[in-house]
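One point on numbering: in our numbering, the residue at position 35 of the sequence shown is 48, and numbering is uninterrupted.
C-beta: ideal position from N, C-alpha, C; glycine also.
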Amino acid sequence: MKIVVAGIIKDRSGLILLVRRGPEESLRGYWEFPGGKVELGETEETCLVRELKEELGIDIEVGRFLDQNHYVYDHGEFLLKTFEVLIVGGEIGLSVHDKLVWVNPDELNTYNLAPADMPIAQLLAAKSVL
C-alpha cells in the first residue's frame, strides 16, 4: 500500500484549493487536493513540502493532521492522509495539473473528485474542519 499526502489549503475567505489532474496523469480530469506519494525515507510532512513545491511552486508550512482515507484503485492501493497547509511563499503555478479552483467547503462535492478524495471533501463540508 502506498501512502499519499494531500494539503488542505484555505484562503483568507475560507475557500479550499482544488486542482484538476492533467491529461498526462493517471485519473486525468479528476479534481483533487494537491499532494503526492511519500517516498522511501521521507516523512509525510517532508513529502508534502516537496510535492507542493514541485507541483504548485509554493512554499508551505504543514499544520495539523486532519483525516485519512483508504482506497483501492485499479492501479494500486493507497492511504490518503490530509493535513492543513499554510502557504508561506511563492505563487501558485501548475505543472502536472491543468486547472485550479478555490471552492466553498460545502461545494466540494459538486466537483468530479478523485474517489480517494471524496470522503475527505465530505468531512470538510459537513464539519467545516478548517
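Just how far apart, CA to CA, sit Leu31 and Gly89?
23 Å
Alpha carbons only, please: which of Val101, Glu104, Ile16, Leu28 is nearest the one belonging to Ala138?
Leu28
Based on the DSSP output, what are the partners of Lys112 in its beta bridges?
Arg33
Would you mind working out which of Thr56, Gly49, Trp44, Leu69 sits nearest Leu101, comparing C-alpha positions?
In the sequence as presented, Leu is not what sits at residue 101; that position holds Val. The residue with the shortest Cα to Cα distance from Val101 is Leu69.
Should Gly48 be labelled buried (16 or more other beta-carbon atoms within 10 Å of its own) or exposed?
buried
Residues near Glu37 in its chain [Cβ-Cβ closer than 8 Å; skip 5 each side]
Val109
Is Leu143 helix, strand or coil when you go by DSSP?
Unreliable positioning characterises Leu143 in this predicted model, as indicated by a pLDDT of 47, which lies under 50. The coordinate reading is nonetheless provided below. Residue state, collapsed to three classes: coil.
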